[in-house]
Amino acid sequence: MQLKLVDAIKEAGNVKRFLPSEFGMDPSKMEHALAPGRESFDQKMIVRKAIEDAKIPFTYVSANCFAGYFVGSLSQLDTLIPPKDKVRIYGDGNAKVVYMEGDDIATYAIKAIDDPRTLNTTLYTRPPENILSQGQLVEIWEKLSGKKLEKIYIPGEDFLASMKGMDYVAQAGMGHFYHIFYEGCLTNFEIGEDGEEASNLYPEE
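Each residue of the sequence shown is one higher than the last, beginning at 1 in the working numbering.
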């Protein structure tokens, strides 16, 4: 579908900015990603190449983790609500993650679409106050709820081993979780000259 959009934009010839649908992790940083989840990043890079080869003006948006899926569940894999008694902690729980509200991502994307500073670059939604480890997220919930949760720490090798035998979709999703919560792939790099951080550009939001 995305490549068809690229073809349509080329034919129209009057599109001033294209924001392809690739919200989440920056695929250009995920060459090392685990299969089968790597396929989604490879597909996004194919779309990027088509956009750039066609010289279509673009802004890529790296939206990171949507809070609606990751915060309320304390980043548990199988639920959208907070656990009552036990919480699974990935690794030591200290990898830094970026949790973003969907409305905030939309606001940044709308502002970026005609901003010359974001032309042909990547917009990273990475406000400092939105960067938390899973351990910090759980601690905040415990303070709000007044209840301590039993923490079950899952070593990386155990997490990877648990993927064996799962179907394609489950393995892809767990692979993404591994990169986020064990490798810290959302925050383990500096934003270079080819990117901008949203809250720096739009501090009023």
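Glycine is no exception: its CB is placed at the ideal position from the N, C-alpha and C atoms.
On a predicted model such as this, the values are computed, not experimentally measured, just so you know.
Residue i - DSSP class collapsed to helix/strand/coil
i	result
Ile180	helix
Glu129	helix
Met100	strand
Gly175	helix
Phe189	coil
Lys111	helix
Leu149	coil
Span of the alpha helix (DSSP H), counted from its first residue to its last, around residue i
i	result
Glu205	Premise fails: Glu205 is in no alpha helix (DSSP H) and is neither H nor E.
Ile140	134–145
Contacts around residue i, its chain only, beta-carbon distance under 7 Å, and the 5 residues preceding and following it disregarded
i	result
Ala50	Leu3, Val6
Arg281	No statement about residue 281 is possible, as the shown extent of the chain runs from 1 to 205 and does not include it.
Leu137	Val71, Leu74, Ser75
Ala215	Residue 215 lies beyond the residue range present for the chain, which begins at 1 and ends at 205; the question has no answer from this structure.
Close-in-space but distant-in-sequence residues of the same chain around residue i (CB under 6 Å, 5 per side omitted)
i	result
Ala172	Pro36, Gly37
Tyr226	Residue 226 is absent from the structure shown; the chain starts at 1 and stops at 205.
DSSP bridge partner residues for residue i (one or two, in chain order)
i	result
Ile154	Tyr90
Tyr124	Ser62, Glu197
Minimum length 4: unbroken alpha helix (DSSP H) runs contained in the segment 5–83: 38–53, 67–70
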